[in-house]
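Below is one structure, written out as structure tokens, with a few remarks after it.
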Amino acid sequence: MLFKQVRIGKNGIPFTLYKFRSIPIGSTKPNAWGRFLRRTKIDELPQIINLLKGDMVLIGPRPDVPGYADQLKGSNRIVLTVKPGITGLASLKYRNEEQLLSKQLNPLQYNDEVIWPDKVRINKWYLNNRTLYIDLIILFSTFLSIPINVDDLIRKIEHNKK
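Counting from 78, one number per residue, gives the positions in the sequence shown under my numbering.
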């Protein structure tokens, strides 16, 4: 069954994002099947519909729910100048975001004060430095589930520029 959610796309325009439902209707937590879908990222497959419709691209900043990306200011708005991606550097760093948030006393505050600003930083860096090489790293890491230290990658690329 498909799950639909409004996300913010290019130029701050909302669109409908598709996923496989991982939380049963009437529940607040995924069941065993839903956990499997999320762990393997299979729940993201219907985003191919978004790709075909032109709402998304393969690689780029992940689309966020209203109240985040659409509220960006100043140079952070660069994130809204491109179509959102199915995968990206920030999504690789926070591949286990749900687990990370589940360990916090105040998950929303931790997201707002730590994770979200870091995702914006990573996405800005990617948009200012994207290359075929970086995109290939993102693709291989995403689809082969190869762990990657995003901050180390950024440091190495920045160091090699000097």
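Just so you know, even glycine gets a beta-carbon here, dropped at the ideal spot from N, CA and C.
Subject >> Completely contained beta strand (DSSP E) runs for the region 128-179, where each covers 3 or more residues >> reply: 134-136, 162-164
Subject >> Same chain only: Cβ atoms within 7 Å of residue 155, ignoring 5 sequence neighbours per side >> reply: 201, 204
**OP:** State the DSSP-derived secondary structure class of residue 184, mapped to helix, strand or coil.
**Re:** helix
**OP:** Would you list the one or two residues that DSSP bridges to residue 203?
**Re:** Residue 203 pairs with nothing; no bridge assigned.
Subject >> Sub-9 Å separation of residue 123 and residue 115 beta-carbons >> reply: no
**OP:** Might you give, ordered along the chain, the residues of its own chain that have their beta carbon closer than 8 Å to the beta carbon of residue 131, omitting 5 neighbours on each side?
**Re:** 160
Original post:
Touch check for the region 129-148 and the region 85-104: three-plus C-beta pairs under 8 Å?
Top reply: yes
Original post:
Are residue 167 and residue 195 touching if we call contact CB-CB under 9 Å?
Top reply: yes
Subject >> From 118, 125, 164, residue whose alpha carbon lies closest to that of residue 214 >> reply: 164
**OP:** With a threshold of 16 other CB atoms inside 10 Å of the CB of residue 224, please say whether the residue is buried or exposed.
**Re:** Result: exposed.
**OP:** Look up residue 107 in the DSSP assignment and say whether it is helix, strand or coil.
**Re:** coil
Original post:
Sorted by chain position, which residues of the same chain lie with C-beta nearer than 6 Å to residue 80's C-beta, five sequence neighbours on each side aside?
Top reply: 96, 98
Original post:
So the alpha helix (DSSP H) residue 191 belongs to, where does it begin and stop?
Top reply: First-last for residue 191: undefined, no H or E at that position.
Subject >> Buried or exposed (CB count within 10 angstroms, at least 16 for buried), residue 171 >> reply: So residue 171 counts as buried.
Subject >> DSSP state of residue 211 mapped onto helix, strand, coil >> reply: helix
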